[in-house]
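Visitor:
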Amino acid sequence: PGGGGAAADKGDPVNDGPAYIALMRELRAMLDDLEAETGRTYELTSAIGVGYDKIEDVDYADAVQYMDYIFA
């Protein structure tokens with residue numbers, strides 16, 4: 001009970017894109033460390049909405065260097 005989910009107006013368009021790229025960079029580094037530790041391969045993927053208003057804040061050309069696949 002309660003909660004209600006995230007409020008749509010609580011986003012931060014100025015910082016959301018850079019934060020997403022930083023998250024992908026940090027996740028990639030952690031997965032690389034885990035690969036070295038376990039000898040297994042881990043893929044980093046993302047599924048994104050295809051509406052321009054959903055993707056305009058992220059520089060995916062920068063983010064893709066940390067990811068294996070992006071699904072749109």
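With the UniProt record's numbering applied, the sequence shown covers 1 to 72. Here a beta-carbon is modelled for each residue, glycine too, at the ideal position from N, C-alpha and C.
(1) Compute the beta-carbon to beta-carbon distance between Met30 and Tyr66, rounded to the nearest angstrom, for a pair I have assumed lies under 8 Å.
(2) My assumption, with CB atoms under 8 Å, is that Asp16 sits in contact with Asp57. Please give the rounded CB distance.
(3) What residue does the alpha helix (DSSP H) around Ala19 start on, and which one ends it?
(4) When you compare only the Cα positions, how much space is there between Phe71 and Lys10?
(5) Please return the same chain residues whose Cβ sits closer than 8 Å to the Cβ of Thr45, not counting the five positions on each side in sequence.
Guide: Let's see:
(1) Cβ-Cβ separation between Met30 and Tyr66: approximately 11 Å, too far for a contact (criterion under 8 Å).
(2) 5 Å
(3) Pro13 to Thr38
(4) 25 Å
(5) Excluding residues within five positions, the ones whose Cβ falls inside 8 Å are Met67, Asp68, Tyr69, Ile70 and Phe71.
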